[in-house]
Amino acid sequence: MSHLIYSNGNSVQLPDPRWTGQRHLGEHSVKLIKEMDHLTSIIEEILRRSDCPHLTVHIETLREGGHEIACWAPEYDFGDIHANGYWSLLTIGLKLCNLVVDRYQNDPNPIIDNDLKNLLDFANIAIDVVRLLRKDSIDFAASQENTEPSLQASSLKYFVDLFGLLLSIEKEKIAPAFGQFCGFWLSPQSQYATTVFVTGLSLLSARITDGLKCIISRNQRGLVFAELVKRADVSFVTKLRNLLESPFYKTYLPIILYGRSPKTRVDIYFNRQTTWIISPINKKVLRFTENHGGPTGWKQEKIRCRLFQSHPLGKGHENKLVIYCHGGGFTMGSPESQEIFIRDWANKLDGIPILSVNYTLAPEAKFPVAIQEILDVYLSVTNEKKSPLETFLGYKPTQITLVGDSAGGNLCTSLCMVLNDIRLKDADFPIQMPNSLISFYAPFNITLLLSPSITLASCDSLLSAGLMLSCFEAYLPITDETNSHNNTESTVDNNALIRLPNLVELVKNVLKSIKDIKLFQTGQCDPWYRAEKAKLQETVEKLYKITSNPYISPLYYQDFESLASINLHLIALHFDPFLDDNVTMAKKWKGKVTLDVLDGLQHGFLNYMPFIDEGRKANELAVRRIKETFK
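Residue numbers for the sequence shown follow the working numbering, so the first one is 16 and each next one is one higher.
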């Protein structure tokens, strides 16, 4: 048996030696353990002279949990990069300790804030959750005779039990993370940006009489927002899309920032290809045949893309192209809504054109409509004789880099796998693989197998658990229609893939016309993820059969070796719910990999990067990574 010794002389008996991580801890672990000891000892002294001496139990739990996490977190790192959900949770714990110390260290008779008490309660629950995830990781690795434990849980029951526990916590305990101490683990400027977002949505969701309170009271704002995100559903996502597609954000703000640059900003329309179709019911890409009936309803349709270019490429360099897929949880975004950073990229890429794909959004179009449209654009660019892009640029790109953020990163990665499967399925069909793939904070595992970093969604304001799960609901068939899915290849329901442009435009116009201040008030019915346990377990198990498709969850791809020619560049965030997905993808990828993990920023930072220093620095990294792919 192993023992973990604490600074006060106590020890905890550990059932498996591997629980302690490396016997000789690395410098980073030792540094954080010392910092935890220092801060918690100060807090214990504060509590002894405060009105809440009983809270020392919470602090002891926090210290012991921090020690354990610092011991085992290095086992999950990618190379020498100290980044995974365990490190993130430990860092948040340290920042919580700093909040207490900064506020009360010099107070002779401290009265502990109720919000801090609630955050300490929540931290203790989070420690219990990650301990269970760690035990599962070790037990499963041992059962599989696998020496490397996984960041993903081995069973869906952990989502139902543990994530369900985090979602069911009283809003009062988590509200301080949205209110008085909004995003306290982020950089100061990111905290401010997050506070603006939370204030705006709280104001829109509150009753008219409470609207003013949300502006002037951080506590009221936190309570309203906590209730909002705990009950978010597809209608909430659709309304949020309408807000983010406002003319100010997607039209006027880019003009204010960049004027009329870059010089080229034009729409290009691509025909649908009629050779390959991604099955909505199988983990396959299929050839169109008479049995499949062809692309019914697509023949007259075109896919709009928007091209950005600062100036034409010089002679000898006319072979480069960036294909960009936007983020937004598969439910939000457009080429225009991303101009806030795409224009900046185009201005700095020395004439390399960026083609931004305007794929159809959920819930109007579920999987695999978006990835099918991206495939169609890619095959038009690379395979079509004199494609619309070639006609405009004057050359056919032979050096292509795929770039995507969040859901767009998922789609770009899935596209690589679809293209590879076409190549393996039909050696005579000409496939030009992309040279490089750059992904920003993307989800690569949508199966709801829990990981430490995903638990961050329980207190993340921009990517809250409710918003994340509602986006999945919009993109995937989570309702009773999951019963109709099967594993046969004989039929493809083309109606499931047909875009409904008139209906989409109608819905957009209706939503844009909504001016009511109660725009974001939650509905009366609980969303699917708040169902009673047995029903939730049933839904999650049905969902797993769909989401284990590698075109939805790329970590499930079975042939990474054949993708080794593609260089992968991952840009992730220390405090992002999808961090563990990115660390795991870096380990699985067989080609060249770089993993950049940025500190102090929140999911989606590209969309507000012009306004914060850390965002601008991270954006420069993004531009540098894109340029490197063409050297």
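All C-beta atoms in this analysis are idealised placements derived from N, C-alpha and C, irrespective of residue type, glycine included.
- Q680 in three-state terms, based on DSSP: Past the boundaries of the shown model lies residue 680; the chain is included only from 16 to 646, so the question cannot be answered.
- Query: Considering only residues of the stretch 450-494, which uninterrupted alpha helix (DSSP H) runs meet the minimum length of 4 residues and lie entirely inside it, listed in chain order?
  - Reply: 480-490
- Task: May I have the straight-line CA-CA distance separating T644 from N334, to the nearest angstrom?
- Result: 13 Å
- Message: Please report the distance separating the alpha-carbon of F407 from that of C431.
- Response: 25 Å
- Message: Can you tell me where the beta strand (DSSP E) holding D420 begins and where it ends?
- Response: Q414 to D420
- Task: Return the residue from the list K605, F285 and Y544 that minimises the CA-CA distance to K400.
- Result: F285
- Message: Alpha carbons only, please: which of I567, Q387, H618 and N450 is nearest the one belonging to L15?
- Response: Residue numbering for the chain in the displayed model covers 16 to 646; residue 15 lies beyond these limits and cannot be assessed.
- Check whether the Cβ atoms of F155 and S165 lie closer than 8 Å to each other. yes
- Query: To the nearest angstrom, how far is it from the Cα of N129 to the Cα of L62?
  - Reply: 14 Å
- Task: Please list the segments of the alpha helix (DSSP H) lying wholly inside the stretch 170-231, counting only runs of 4 or more residues, in order along the chain.
- Result: 179-183, 186-189, 203-220 and 223-231
- Query: From A457, H326, E556 and C474, pick the residue whose C-alpha is nearest to that of V598; which is it?
  - Reply: A457
- Given a threshold of 16 other Cβ atoms within 10 Å of its Cβ, counted over all protein chains shown, does P262 qualify as buried or as exposed? exposed
- With a CB to CB cut of under 7 Å and the five nearest residues on each side skipped, what residues in its chain are close to S152? P164 and S165
- Task: Would you identify the three-state DSSP class for Q324, choosing helix, strand or coil?
- Result: strand
- Host beta strand (DSSP E) of D611 (start-end): V608 to L613
- DSSP state of R302 mapped onto helix, strand, coil: strand
- R149 versus T346, E405 and L465, residue with shortest Cα-Cα distance: L465
- Task: Assess, as a yes-or-no matter, whether the stretch 179-194 is touched by the stretch 609-628 under the definition of 3 or more beta carbon pairs within less than 8 Å.
- Result: no
- Message: Considering only their Cβ atoms, is the gap separating L109 from E50 smaller than 8 Å?
- Response: yes
- Consult DSSP for K278 and reduce its assignment to one of helix, strand or coil. coil
- Short check: CB of N99 to CB of A85, under 8 Å? no
- Message: What residue range does the beta strand (DSSP E) around L135 cover?
- Response: First-last for L135: N129 to S158, but that is the alpha helix (DSSP H), not the beta strand (DSSP E).
- Query: According to DSSP, is F356 helix, strand or coil?
  - Reply: helix
- Since F193 and S476 are thought to touch, with beta carbons under 8 Å apart, how far apart are those beta carbons, to the nearest angstrom? 6 Å
- Using only alpha-carbon positions, find the residue among L463, K330 and R438 that is nearest to D574. R438
- Across which residues does DSSP place F407 in a beta bridge pair? F407 is not bridged to any residue.
- Message: Quick check on R246: does DSSP put it in helix, strand or coil?
- Response: coil
- Closest residue to P565 among G198, L426 and F240 (Cα-Cα distance): L426
- Query: Mind checking G630: buried by the 16 CB within 10 Å criterion, or exposed?
  - Reply: buried
- Message: Going by DSSP in three states, K400 sits in which element: helix, strand or coil?
- Response: coil
- Item | Cut-off 7 Å between Cβ atoms - residues of its own chain near K228, not counting five sequence neighbours on either side | Q235
- Task: Quick one: give me the first and last residue of the alpha helix (DSSP H) that H53 is part of.
- Result: E42 to R63
- Message: Cutting at 7 Å between CB atoms, please list the residues of its own chain near R358, excluding the five before and the five after it.
- Response: P269, Y273, S276, P277 and F323
- Message: Just to confirm the assignment, what range does the alpha helix (DSSP H) spanning Y559 have?
- Response: K548 to T562
- Query: Roughly how many angstroms lie between the CA atoms of S479 and G94, to the nearest whole one?
  - Reply: 29 Å
- If you draw a straight line from the alpha carbon of K602 to that of G80, how long is it in whole angstroms? 26 Å
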